[in-house]
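Asker: Under our numbering, residues 1305 to 1597 are what the sequence shown spells out, in order.
Beta carbons: idealized from backbone N, C-alpha and C, even for Gly.
No experiment lies behind these values; they were computed from the predicted model shown.
Can you keep this structure in mind? I'll have questions shortly.
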Amino acid sequence: MTQATTVRDCVAQARARLEQAGVDSPALSAEILTAHVLGMRRLDILVHADKAVAAPDLARIQECVERRAAGEPVAYLLGEKEFFGYDFYVDRFTLVPRPETELLIEAVQSIFPRDAAFQFADLGTGSGCIAVTLALEFPRAQGCALDLSEGALAVAQKNAERHGVASRVEMRHADFGSDFAPEASLDLIVSNPPYVSEDEYAEVSVEVANFEPKTALVPAEGEGRSDGLECVRRLAPHVARLLRPGGWFLMEYGWKQGPAVAEILGAVSEFQTVKICKDLAGLDRYVVAQKRV
1305 MTQATTVRDC VAQARARLEQ AGVDSPALSA EILTAHVLGM RRLDILVHAD KAVAAPDLAR
1365 IQECVERRAA GEPVAYLLGE KEFFGYDFYV DRFTLVPRPE TELLIEAVQS IFPRDAAFQF
1425 ADLGTGSGCI AVTLALEFPR AQGCALDLSE GALAVAQKNA ERHGVASRVE MRHADFGSDF
1485 APEASLDLIV SNPPYVSEDE YAEVSVEVAN FEPKTALVPA EGEGRSDGLE CVRRLAPHVA
1545 RLLRPGGWFL MEYGWKQGPA VAEILGAVSE FQTVKICKDL AGLDRYVVAQ KRV
């Protein structure tokens, strides 16, 4: 009689396969994927380590492990990723939300009180994690979220509905350089635009290059110099026109781009302050600019 495959066996086999493939955090991935397929928490796989795994579940675990071994991000396999304590649906139309992007939310919290009623826009929304989180953290705020990808907007809409903020966040299929709002009508504009140069993109991991949408990372060709700053140059004067006097612009960028971003925004006379801010690793990561009153 063939001995049953247990939860412990599944985790061990998955870990060995992922170690062989050389993916990041193979033990963690093995546990997460096994728990996901079996409908368990990670803690449960320890508690139920000796439980037999049914053949269909075993096949699903092995399929997930092989996809992970090929470099597919865990977030796509699970169909979700946590951002700022909230679970967001993600798929290959969107980037996987990064922890450093949460710094934009924290920066907004340092500017506006929780009960503030303000109008905002999220440019290049992707999964909608920034716009939806702002609506959750500021119950009286209203805004719009723009993206050129219809697939990404569908994901963002799903996340807005999942978290009950669809009535306060309008999804728009539009370029963020368009006149999507009246002049001087917004209190806050946030953006995590494409900022990776073609040279940098040539060196990204297999997980990023083979699975995440390039258009969300690299500015479209023909927008100017191929240094990753094309979107910043387009956004700077446009954002200044759309903000109300005293309004705020917050944008993430690449860790080497701080001085260039400061120069670009500093050349826009409408901004009275431009502050380069660092991430937890001490690297330049986002900018906070305020329009003159």
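With a cut-off of 8 Å on the beta carbons, I'd call Val1341 and Asp1361 a contact; round off their distance for me.
Answerer: Counting from one through the sequence shown, the residue named residue 1341 turns up at place 37. Counting from one through the sequence shown, the residue named residue 1361 turns up at place 57. That pair is a contact at about 6 Å.
Asker: Return the CA-CA distance between Asp1583 and Asp1354, expressed in angstroms with no decimal places.
Answerer: Counting from one through the sequence shown, the residue named residue 1583 turns up at place 279. Counting from one through the sequence shown, the residue named residue 1354 turns up at place 50. Approximately 43 Å between the Cα atoms of the pair.
Asker: Grouping DSSP H, G and I as helix and E and B as strand, with all else coil, what is Leu1521?
Answerer: Locating residue 1521 in the sequence shown gives position 217, where the first residue counts as 1. In this structure, Leu1521 counts as coil in the three-state DSSP scheme.
Asker: Tell me the rounded alpha-carbon separation between Leu1452 and Ala1359.
Answerer: Residue numbering aside, residue 1452 sits at position 148 when the sequence shown is read from its first letter. Residue numbering aside, residue 1359 sits at position 55 when the sequence shown is read from its first letter. Their Cα atoms are separated by approximately 43 Å.
Asker: Just how far apart, CA to CA, sit Ile1336 and Arg1346?
Answerer: Position 32 of the sequence shown holds residue 1336. Position 42 of the sequence shown holds residue 1346. C-alpha separation (whole angstroms): 6 Å.
Asker: Taking the straight line between their C-alpha atoms, what separation do you get for Val1565 and Ser1495?
Answerer: What you label residue 1565 is simply residue 261 of the sequence shown in a count that begins at 1. What you label residue 1495 is simply residue 191 of the sequence shown in a count that begins at 1. If you take the alpha carbons of Val1565 and Ser1495, they lie about 13 Å apart.
Asker: Inspect the beta-carbon positions of Leu1427 and Phe1480 and report whether they are closer than 7 Å.
Answerer: Reading the sequence shown from its first residue, position 123 is the one you call residue 1427. Reading the sequence shown from its first residue, position 176 is the one you call residue 1480. Yes; because the gap between Cβ atoms is below 7 Å, this pair is in contact.
Asker: Let me confirm a value: Glu1567 is counted as buried when at least 16 other C-beta atoms fall within 10 Å, else exposed. Which label applies?
Answerer: Taking the sequence shown and counting its residues from 1, the one referred to as residue 1567 is at position 263. Glu1567 is exposed by the Cβ-count criterion.
Asker: On the DSSP bridge list, what partners appear for Ala1449?
Answerer: As a first step, residue 1449 must be located in the sequence shown, where it is residue number 145. Answer is Asp1426, Met1475, bridged to Ala1449.
Asker: Quick one: what does DSSP say Arg1529 is sitting in, helix, strand or coil?
Answerer: Here residue 1529 corresponds to residue number 225 of the sequence shown, with the count starting at 1. With a pLDDT of only 49 at Arg1529, under the threshold of 50, the placement of this residue in the model should not be trusted; the figure read from the coordinates follows. DSSP places Arg1529 in coil when its eight states are reduced to three.
Asker: Just to confirm, are Pro1497 and Cys1448 a CB contact at a threshold of 7 Å?
Answerer: Counting from one through the sequence shown, the residue named residue 1497 turns up at place 193. Counting from one through the sequence shown, the residue named residue 1448 turns up at place 144. Going by C-beta atoms, Pro1497 is not nearer than 7 Å to Cys1448.
Asker: What separation, rounded to the nearest whole angstrom, lies between the Cα atoms of Cys1368 and Leu1547?
Answerer: The residue you call residue 1368 lines up with position 64 of the sequence shown. The residue you call residue 1547 lines up with position 243 of the sequence shown. Spanning the two alpha carbons is a distance of roughly 46 Å.
Asker: Go through its chain and collect everything with a Cβ distance to Tyr1499's Cβ below 6 Å, but skip five positions before and after it.
Answerer: Taking the sequence shown and counting its residues from 1, one reaches residue 1499 at position 195. The residues are Gly1532, Tyr1557, Gly1558.
Asker: Alpha carbon to alpha carbon, how far is Ala1488 from Gly1570? Give it in angstroms, no decimals.
Answerer: Here the question's residue 1570 lines up with position 266 in the sequence shown. Here the question's residue 1488 lines up with position 184 in the sequence shown. Those two C-alpha atoms are separated by around 19 Å.
Asker: Going by C-alpha to C-alpha distance, which of Glu1441, Lys1595, Ala1506, Glu1507 sits closest to Val1543?
Answerer: Indexing the sequence shown from 1 puts residue 1543 at position 239. Nearest of Glu1441, Lys1595, Ala1506, Glu1507 to Val1543, Cα basis: Lys1595.
Asker: Strictly by DSSP, which residues pair up with Ser1495?
Answerer: As a first step, residue 1495 must be located in the sequence shown, where it is residue number 191. Per DSSP, Leu1427, Met1555.
Asker: Count the other CB atoms within 10 Å of the CB of Pro1417; is the residue buried (16 or more) or exposed (fewer)?
Answerer: On the sequence shown, position 113 is the one that residue 1417 refers to. It is exposed - the Cβ of Pro1417 has fewer than 16 other Cβ atoms within 10 Å.
Asker: Where does the unbroken alpha helix (DSSP H) through Phe1480 begin, and where does it stop?
Answerer: As a first step, residue 1480 must be located in the sequence shown, where it is residue number 176. First-last for Phe1480: undefined, no H or E at that position.
Asker: Is the segment 1426–1441 touching the segment 1464–1473, taking contact as three or more C-beta pairs under 8 Å?
Answerer: yes
Asker: At a cut of 8 Å, does the segment 1365–1381 reach the segment 1402–1420 through at least three beta carbon pairs?
Answerer: no
Asker: Buried or exposed for Ala1593, going by 16 or more other Cβ atoms inside 10 Å?
Answerer: Here the question's residue 1593 lines up with position 289 in the sequence shown. Label assigned to Ala1593: buried.
Asker: Find the nearest neighbour of Val1597 within the set Glu1574, Val1578, Ala1585, Val1591, judged by alpha-carbon distance.
Answerer: Taking the first residue of the sequence shown as 1, we reach residue 1597 at position 293. If you compare the alpha carbons of Glu1574, Val1578, Ala1585, Val1591 with that of Val1597, the shortest gap goes to Glu1574.
Asker: Consult DSSP for Glu1386 and reduce its assignment to one of helix, strand or coil.
Answerer: Here residue 1386 corresponds to residue number 82 of the sequence shown, with the count starting at 1. The answer is strand: DSSP assigns Glu1386 an E or B state.
Asker: Going by DSSP in three states, Gly1570 sits in which element: helix, strand or coil?
Answerer: Within the sequence shown, numbered from 1, the residue matching residue 1570 stands at position 266. Helix at Gly1570.
Asker: Would you kindly report the start and end of the unbroken beta strand (DSSP E) that includes Asp1583?
Answerer: Against the sequence shown, residue 1583 aligns to sequence position 279. Looking at the DSSP string, Asp1583 is not in any beta strand (DSSP E), and its letter there is neither H nor E.
Asker: Do you know how far the Cα of Val1591 is from the Cα of Gly1562?
Answerer: Your numbering for residue 1562 matches position 258 in the sequence shown. Your numbering for residue 1591 matches position 287 in the sequence shown. Distance between the alpha carbons of Gly1562 and Val1591: 8 Å.
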